[in-house]
Structure formats: structure tokens, C-alpha cells
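Data block below; observations after.
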Amino acid sequence: MPAIKPFRALRPKQDLAASIVSPPYDVVDTQEARALAEGKPLSFLRVIRSEIEFSSEMDPYSHDVYAKARANLDKMAAESIFFYEEKPCLYVYRIFSGQHRQTGLVALCSVDDYLNEKIKKHELTVKVKEDDRTKHIDTVNANTGPVYLTYRDAAAPELAKFLDNAADTRPPLYDVTVENGDRHQIFRIDDAGEIAETVKHVAGLSALYIADGHHRAASAVRVGTMRRQNAGKHTGVEAFNFFMAVSFPDTQLRILPYNRVVRDLNGMSAGQFLAKIGEKFDIAEGKVSLKSHEMNMYLDGVWRNLKVKTEFAGGQDETKSLDVSILQNHILTPLLNIEDPRTSKRIAFVGGIRGDEELVRLVQGGEFVAAFSMFPTTMRQLLSVADAGKIMPPKSTWFEPKLKSGFLVHRLDY
Numbered sequence: 008m009p010a011i012k013p014f015r016a017l018r019p020k021q022d023l024a025a026s027i028v029s030p031p032y033d034v035v036d037t038q039e040a041r042a043l044a045e046g047k048p049l050s051f052l053r054v055i056r057s058e059i060e061f062s063s064e065m066d067p068y069s070h071d072v073y074a075k076a077r078a079n080l081d082k083m084a085a086e087s088i089f090f091y092e093e094k095p096c097l098y099v100y101r102i103f104s105g106q107h108r109q110t111g112l113v114a115l116c117s118v119d120d121y122l123n124e125k126i127k128k129h130e131l132t133v134k135v136k137e138d139d140r141t142k143h144i145d146t147v148n149a150n151t152g153p154v155y156l157t158y159r160d161a162a163a164p165e166l167a168k169f170l171d172n173a174a175d176t177r178p179p180l181y182d183v184t185v186e187n188g189d190r191h192q193i194f195r196i197d198d199a200g201e202i203a204e205t206v207k208h209v210a211g212l213s214a215l216y217i218a219d220g221h222h223r224a225a226s227a228v229r230v231g232t233m234r235r236q237n238a239g240k241h242t243g244v245e246a247f248n249f250f251m252a253v254s255f256p257d258t259q260l261r262i263l264p265y266n267r268v269v270r271d272l273n274g275m276s277a278g279q280f281l282a283k284i285g286e287k288f289d290i291a292e293g294k295v296s297l298k299s300h301e302m303n304m305y306l307d308g309v310w311r312n313l314k315v316k317t318e319f320a321g322g323q324d325e326t327k328s329l330d331v332s333i334l335q336n337h338i339l340t341p342l343l344n345i346e347d348p349r350t351s352k353r354i355a356f357v358g359g360i361r362g363d364e365e366l367v368r369l370v371q372g373g374e375f376v377a378a379f380s381m382f383p384t385t386m387r388q389l390l391s392v393a394d395a396g397k398i399m400p401p402k403s404t405w406f407e408p409k410l411k412s413g414f415l416v417h418r419l420d421y
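Laid out in C-alpha cells, this is it:
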């Protein structure tokens, strides 16, 4: 059973939160972060994307960049823009997005639970990205954004009820409506009895699952492991043995597709490419509302629907039957020679929140030649793959709404 614990969060003054909180580091690139932070001296992007404090020629992986992130956070703490909670607390994170609502628990999770697979993963990480966050966490001495976890609601039905009640019966610490209209609220659980009740609910789960944030989790664990080694003797209760996470029930999460665009057809003409695809897919002109084992492809200014033939659909295999696996195993790898989409420069990924219009724009812009609009992975599939100890292709899920960074920070020595 996984363990959680409360913590003394470093958090912003209430009246400044709206000018501080930002998108997480991994959903904006440097150029987007620079634009979002322009004219906002307190934007948390200056901590999690601190390369924006330098010229565009600066290496984003330079030590100076990580040192600047640390300096910016330290400065905000020194100026009381951020302050430490008086005692260890748990927090409730609630998001409203249109008619959708989800309510999760913010707490510290154990490095050992990750290592012992009580916190289960479903994706591999990319070394350069994991190295980046490892250096960031270690230099800044903090988890600046939570790992996004989920749990089986049916395994702990009282937990979600408890969290909803906690949010319904107290004023929020923060209540911020962001640019896209989503409303983010943070509530505090500081009563010892309520904290004990929450810990008990989580202890009844067999596992927690990483929904989003595999790089954040792996990097936090690397830092914790390094600090254990450097410390020699340690008690196991030091702050570096834990990382900040928010856990939502699986029934409340919403997964959008994670679409693909490719830069070339591996030397084939469009006609040759379509002929090869036709060996394993039924092809029809036009874009349709997708079902499992279907995808829409935009090529040469035309949308086509691709429906995989039954014998190539993966059968009962949890991983091979994923739509992203079908695309990878029957088109990207054998036809386009894109064997590792984590490292290939010939493919890019587009979150489903951007819509098919973004796919058309990218292809018509000339940088990409074809786009694939995917059917989204389901929560059932994600949990099944994780329980089986298997790995999905990268970028298999796009969770929406996204969390915000800057509400809560976990310092690794506090």
C-alpha cells in the first residue's frame, strides 16, 4: 500500500497567486514561456523555465539557467512573496473546466514507493528531459510542480467523497480563473484528525498510478537517491525522500488524444505511402468521428480515415491493442522508419486540446507532410498496461485540464 504524508508547503501570498501561477514546464516551449511571462515579473515560469531570463542564444541546460531558477525562487521567498506553511498540511486541488470537475489530493509520496512499484508508471522517459529536471530539482532544491497521479476510485470510494467534502466545507486558499476559463482552487487540510483519516484512505489502495509527469517523478526519485548516497546515514524521514504529487480518482480524469505529425514519407510518394498503408488498414476518404482502432490522416490536403484490419489490431495484448501502438507498429516503424519516437527528429506530437485544425495548419505550413488524428487512450487501458508492468508508446495520453505550477512548492530540506 502506498504511503503519503503532509508537508510544509512554500506557497504564494493569496493576493499574488493569480499573477504567479503558470502552465507546467512541459506544456510550453521556451518561446511560448517567454511570451507568457512578458510583463509578468512574478510568473512562475521564471522558476520552471528560467532560460527565459537569458537571451535566446543561452543553452537552456546551462548551469547558469538552473542557478537562476534557484535565485528567483529564493528571492520570492526572501521578499515574502512566497512563505512557508506554519505546520505540515495536506491540500485539495479542485479544477473546473466547463462542465467538468475533478478534485484531487496534494501530498508527499515516497521515493521508495516509486522504486518498489507501488507507484506505477506506463511510459519510459527521455534521458535529456530527465537529466534536465534532475538538475532543476537538485539545484532549486525543490519540487516546483506536482507529479500527476491517479487511483482506482472503486478501491477507495470514501477518499473522493472526503476530498469533495473538504473542498465544499471550507474557503479556498486560492481561487484562480486562468486565461482559458478554467478555475483552479486549492484548499488546506490542517486538522490532525482529518490528515490521519486521509492517510488511512490512501493506505487502503494497492497502488497509485502516474497519469502525467513521468519525467518529474523519475527526476525527483533520482535526486532523492543521490542525496541519500551523499548523506551517508539518513533516517528516511528527510524531505528528499519524498516528492510532491496530486492524486485524482480515475473516474474524474479526462484524456484527450495525443496526435502525431511527421516531416517526411521516408522517400515514398503519397501514392506509394497510401498503398503500403492499405495492406493493413481499410482506407476511406473523409474525416469521421473516431472509434477505437481508427485514426484520421491528413495528407496532400485530404483527410482519410484509416481503420486497422482485425488481424493487425493487437488482439488481447494490453499494449499492442492501443491505437498509438497500432500507428507505431504498422505505420511509423515499418513504413517511415521512425523506430524510437522519443528521440526521432522526424516526428512531433500535438496535444488533442489544439484540435485537428492545428494538424492542418502544421502540414499546410510545409514543415510536416502528414498528420494523424488519434482516438484517445482510455483510463481502463492506462491502468491495465500499468498493472501488467508494460510500457505504452511515448505521448500516449494528453490529460486535460492541465495542472498549474506555482500554487505549492516542496522544498527538499524543509
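Residue numbers for the sequence shown follow this note's numbering, so the first one is 8 and each next one is one higher. Glycine is no exception: its CB is placed at the ideal position from the N, C-alpha and C atoms. Treat the numbers as computed from the prediction; the structure is a model and nothing was measured.
Each of 295, 343, 384 was checked against the Cα of residue 260, and the nearest Cα belongs to 384. At a cut-off of 4 residues, the continuous stretches assigned as alpha helix (DSSP H) that sit fully inside the stretch 197-255 are 199-210, 221-238. In the structure shown, the three-state DSSP call for residue 127 is strand. Ranking 348, 251, 331 by CA distance to the CA of residue 113 puts 251 first. Residue 151 sits in coil when the DSSP states are folded into three classes, being neither helix nor strand. Our two residues, residue 130 and residue 12, have alpha carbons roughly 26 Å apart in a direct line. For residue 29, DSSP records a beta bridge to 412. Distance from the Cα of residue 181 is smallest, within the candidate group 377, 362, 23, for 23. Restricting attention to 212, 110, 244, 197, the CA atom closest to the CA of residue 421 is found in 244.
Out of 118, 266, 27, the CA that lies nearest to the CA of residue 185 is found in 27.
Beyond the five residues adjoining it in sequence on each side, residue 91 comes within less than 7 Å, by CB distance, of 15, 17, 421 in the same chain, given in chain order. Between the stretch 319-329 and the stretch 221-235, the count of C-beta pairs closer than 8 Å stays below three; the two stretches do not touch. Distance from the CA atom of residue 308 to the CA atom of residue 400, rounded to whole angstroms, is 28 Å. Taking the C-beta atoms as reference points, residue 227 is found no nearer than 8 Å to residue 126. Per the C-alpha coordinates, the member of 149, 202, 147, 137 positioned closest to residue 166 is 202. Annotation note: the stretch 326-359 contains the following uninterrupted beta strand (DSSP E) runs of length 3 or greater, listed N- to C-terminal: 354-358. Of the candidates 411, 418, 415, 411 places its Cα closest to the Cα of residue 103. Classified as buried, residue 169 has 16 or more neighbouring CB atoms from the shown chains inside 10 Å of its CB.
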